[in-house]
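Going by our numbering, the first residue of the sequence shown is number 25, and it counts up by one from there. Encoded as structure tokens, the structure appears first; notes follow it.
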Amino acid sequence: MRMRLFLMAGVLMLAGADSALSAVGLYVSPKGNDAWSGSLPAPAQDGRDGPLATLVRARDEVRRLKAAGKLGDGVVVNLRAGTYRMTETLALGPQDSGTPQTPVVWRAYENENVILTASLPVTGFTPWKGQIVVADLKGTPLENVAFRQLFFRGERQVMARYPNVDRQDPHFGQWAYVLDADLAPATNRSVSDNVPRVKDRFTATSDVIKPTWETTVLGAEIAIHPAYGWAWNVVPVKSVDNETDTIWLGQPVSYGLMVGDRYFVQNLLAELDAPGEWYLDRDQARLDFWPPADLTSGEVSVPVAGSLIGPAGNSSGPSAGTRRLSRAPISTTTVCAGRQNCH
Ligand SMILES: [Ca+2]
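This is the structure:
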């Protein structure tokens with residue numbers, strides 16, 4: 025959920041050097057204010073005007089200029105250095121496009137280092153047990169966010185799981201394996217099933233289900249490659265039976281479960297037992313985390329928007345050559361108008 029916006033040499037050349045020179049300049053800065061005009065690259069000394077604060081406000085200003093016929097020879101939105109926390113996707117549609125004569129260009133101002141991030145920081149951790157710290161999210165912007173990812177110092181952390189991540193042996197060392205799975209009842213078989221086995225329960229090895237698991241296992245999930253790795257499913261756990269080591273799934277997986285299918289269990293507080301693991305109690309808005317390094321050495325953050333930049337409404341896409349972001353986003357952004365590494 026994070027990307028760096030680089031200025032690719034010659035971007036304005038693409039927009040037309042002559043026209044760019046007389047284009048309207050808008051400025052956005054983490055030090056800005058959306059109540060200001062955006063016409064100044066830095067806050068005025070009297071604090072009464074300066075750059076805008078958000079990309080959404082800049083987009084709206086471009087729309088306003090366009091509607092008022094004040095685009096002139098185009099507009100250049102200059103992003104000043106710093107981190108922009110975007111809690112909503114910057115939606116761009118056809119109405120945000122310029123034309124070859126009046127291009128709309130978004131860029132980092134004079135090669136400054138611009139970071140767009142759709143994350144919010146988590147603060148206020150207090151010691152809980154051993155190395156585990158806890159943060160009460162009540163009353164914070166994250167109180168009602170059912171997030172599934174957590175980052176520390178820019179690295180994705182691990183939802184509490186069993187077996188633990190094994191970076192030395194990722195292919196075999198960090199998995200549990202289905203011990204047994206039943207044949208599906210004949211009446212419940214699909215003609216397309218290559219493997220007529222059940223898809224909603226299996227027998228685990230004796231090490232998996234533990235007395236320490238919460239009695240309801242509510243919220244626990246099975247992440248599994250059913251049918252020997254043919255697919256990848258993450259499904260809720262419906263219930264478990266300690267006596268028979270049976271795990272029932274809240275929804276069927278894609279293919280019949282086979283002996284030896286590899287999986288892990290995640291999202292259980294009882295399995296938070298290794299550095300880097302975390303657990304979110306959604307009902308209590310409580311986050312438990314075992315930081316892999318000194319908590320003060322970096323930021324804990326949570327992504328809160330699905331994408332940084334995306335198409336607006338039923339847009340058929342930007343008009344080629346009239347709206348650009350310079351050089352490609354590196355992350356999972358859904359839209360990029362750069363030329364390289366777009367994923
Ligand atoms: Ca664990």
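Even glycine gets a Cβ: it sits at the ideal position worked out from N, Cα and C.
Worksheet entry | Between the CA atoms of L207 and A142 - distance to the nearest angstrom | If you draw a straight line from the Cα of A142 to the Cα of L207, it comes to about 45 Å.
Discussion item. Assuming P250 is part of the alpha helix (DSSP H), what are its boundary residues?
Written reply: Membership of P250 in the alpha helix (DSSP H) is indicated by the continuous run P250 to G253.
Practice prompt. Select from D84, Y51 and V52 the residue whose C-alpha is nearest the C-alpha of A336.
Written response: Looking at D84, Y51 and V52, the one whose alpha-carbon comes closest to that of A336 is D84.
Fill in: Q119 versus D58 - alpha carbon distance
For Q119 and D58, the distance between alpha carbons rounds to 21 Å.
Worksheet item: Does the separation of the CB atoms of L166 and V182 fall below 8 Å?
Response: No, they are not a contact pair.
Worksheet item: When you compare only the Cα positions, how much space is there between I156 and L64?
Response: Between the alpha carbons of I156 and L64 lies a distance of about 46 Å.
Practice prompt. Spatial neighbours of A68 within its chain, please: CB distance less than 8 Å, with the 5 preceding and 5 following residues excluded, ordered by chain position.
Written response: So the list reads G74, once near-sequence residues are dropped.
Discussion item. Please classify V261 as buried or exposed, where buried requires at least 16 other C-beta atoms within 10 Å of its C-beta.
Written reply: Flag for V261 reads buried.
Discussion item. Just to confirm, is the Cβ distance from A244 to N188 under 8 Å?
Written reply: No.
Fill in: Proximal residues to A184 (C-beta, below 7 Å), its chain only, five neighbours per side dropped
Within its own chain, the residues whose Cβ lies closer than 7 Å to the Cβ of A184, once the five positions on either side in sequence are excluded, are Q290, N291, L292, L293, E295, L296, E301, W302 and Y303, listed in chain order.
Practice prompt. Return the CA-CA distance between F149 and V241, expressed in angstroms with no decimal places.
Written response: Each residue's alpha carbon lies about 25 Å from the other.
Discussion item. As an exercise, report each continuous beta strand (DSSP E) stretch of at least 3 residues that is fully enclosed by the stretch 242-328, in chain order.
Written reply: Listed in chain order, the complete beta strand (DSSP E) runs (minimum 3 residues) inside the stretch 242-328 are 245-248, 257-265, 270-273, 286-290, 301-305, 310-313 and 324-327.
Worksheet entry | Alpha-carbon spacing of G330 relative to A309, whole angstroms | Separation of G330 and A309 (C-alpha to C-alpha, rounded to the nearest whole angstrom) is 20 Å.
Discussion item. Which of the three DSSP states is assigned to L116 in this structure?
Written reply: If DSSP states are grouped into helix, strand and coil, L116 belongs with the strands.
Worksheet item: Since A132 sits in a beta bridge, which residues does DSSP pair it with?
Response: Bridge partners of A132: L103.
Worksheet item: ligand 1: which residues have Cβ under 7 Å from any of its heavy atoms, chain order?
Response: Any residue whose Cβ sits closer than 7 Å to a heavy atom of ligand 1 makes the list: A184, R185, Y186, N188, E295, L296, D297, A298 and E301.
Discussion item. Can you give me the C-alpha to C-alpha distance between W314 and P151, rounded to a whole angstrom?
Written reply: Near 10 Å, if we compare the C-alpha coordinates of P151 and W314.
Item to complete: List the whole-angstrom C-beta distance separating R221 from A205, where the pair is believed to meet the contact cut-off of C-beta under 8 Å.
Response: About 5 Å; that satisfies the 8 Å criterion.
Discussion item. Rounded to whole angstroms, what is the Cα-Cα separation between L114 and R81?
Written reply: Going from the Cα of L114 to the Cα of R81 covers about 10 Å.
Worksheet entry | Nearest-angstrom beta carbon gap, G284 and Y201 [assumed within contact, 8 Å] | Indeed, because the Cβ distance is near 5 Å, the residues count as touching under 8 Å.
Fill in: For E238, three-class secondary structure by DSSP
The answer is coil: DSSP assigns E238 none of H, G, I, E or B.
Practice prompt. Using three-state DSSP, classify L161 as helix, strand or coil.
Written response: Coil, per DSSP.
Discussion item. Excluding the 5 residues flanking F171 on each side, which residues of the same chain have their C-beta closer than 6 Å to its C-beta?
Written reply: Only V326 meet the Cβ criterion.
Practice prompt. For the beta strand (DSSP E) holding K153, just list the boundary residues, first then last.
Written response: K153 -> beta strand (DSSP E) spans T150 to K153.
Item to complete: Return helix, strand or coil for L174, following the three-state DSSP convention.
Response: L174 falls in the coil class under three-state DSSP.
Practice prompt. Per DSSP, which residues does L50 bridge with? Please list them.
Written response: Note: L50 sits in a beta bridge opposite V101.
Item to complete: Could you tell me the boundaries of the alpha helix (DSSP H) in which L79 lies?
Response: Segment L79 to A91, the alpha helix (DSSP H) holding L79.
Worksheet entry | Simplified DSSP assignment, three categories, for P145 | Reduced to three states, the DSSP call for P145 is strand.
Fill in: Spatial distance of D224 from D231 (CA atoms)
Counting only the Cα atoms, D231 lies some 20 Å from D224.
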